[in-house]
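Every letter in the sequence shown is one number past the one before it in my numbering, and letter 96, counting from 1, is 84.
Idealized CB from N, CA, C, for every residue including glycine.
In what follows, a single structure is set out as structure tokens and then discussed.
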Amino acid sequence: MSHYPVHTIESAPAQSQPVLEQLRQTFGLIPNIAATMAASPVLINGFIGLFGRVHASSLTEEQIQTLLLTNAVTNASEWAVAFHSALALKEGVRRVDVDAMRNGVSPDDAKLGALSTLARTLIEKRGRVSAEDRQRFVAAGFSAEQLLEVIAVVAASTITNYTGSVTEPPLEPLFAEFAWRAPTR
-11 MSHYPVHTIE SAPAQSQPVL EQLRQTFGLI PNIAATMAAS PVLINGFIGL FGRVHASSLT
49 EEQIQTLLLT NAVTNASEWA VAFHSALALK EGVRRVDVDA MRNGVSPDDA KLGALSTLAR
109 TLIEKRGRVS AEDRQRFVAA GFSAEQLLEV IAVVAASTIT NYTGSVTEPP LEPLFAEFAW
169 RAPTR
């Protein structure tokens, strides 16, 4: 149960309304996570600005969704795992790779696996990746600049993941088949 209101365009603060409309046009719906973020114009406007930059990066949508799903699992964000499982499949990530990431395992695909491994390492080690981690990422065919773009994706998804953990938005029926529960610690 959400601890925050799931806003509509009409009920959201005025400074949040344009973002909700933009998301509705992009996805055909307002994701519940954004509807809860809308309670804070600072949060939702920062979120949409950073995500806009992420999606304009040199990474493909398939690669971005791989990162977002890995981050959601690593941060145990149940709403985000379901949402990004659906989007990853839509963007061409193989079902076997989506299932692997949902279980905390990197994809078999070499480039997607390198992205997933780096993202998990960044989160788990709080940004303190080793020279070997960086070298493995570059050896998989990425540039040093793309490693910095991965940091932007991790930062953007942290906004979503943490918001989901705090606000506990309901999962949309559209994503119900991808519902996921975080392992107990």
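By the Cβ criterion, the region -8 to 0 is in contact with the region 12 to 31, since at least three pairs of Cβ atoms, one from each stretch, lie closer than 8 Å. F71: member of the alpha helix (DSSP H) spanning E66 to K78, first to last residue. In the three-state reduction of the DSSP assignment, P171 falls in the coil class, being assigned neither a helical nor a strand state. With fewer than 16 other Cβ atoms inside 10 Å of its own Cβ, H43 counts as exposed. Note that the C-beta distance between N20 and P161 is not below 7 Å. One alpha carbon belongs to T105, the other to E133, and they sit about 17 Å apart.
Shown here for A23: same chain residues with a beta carbon closer than 6 Å to its own, the five before and five after excluded, namely V(-6) and H(-5) in chain order.
Per DSSP, N149 is one residue of the alpha helix (DSSP H) stretching across A132 to T155. Here the C-alpha atom of E9 lies approximately 26 Å from the C-alpha atom of S46. If you draw a 10 Å sphere on the C-beta of P171, you find fewer than 16 other C-beta atoms in it, and that means exposed. P6: member of the alpha helix (DSSP H) spanning Q5 to F15, first to last residue.
Note on geometry: alpha-carbon atoms of N91 and V61 lie some 8 Å from one another.
At a Cβ-Cβ threshold of 7 Å, L55 and H72 do not count as neighbours. In its chain, beyond the 5 residues on either side, S94, P95 and A128 have a beta carbon closer than 8 Å to the beta carbon of G101. Here the C-alpha atom of A164 lies approximately 19 Å from the C-alpha atom of V81.
Note that the C-beta distance between L103 and Q51 is below 7 Å.
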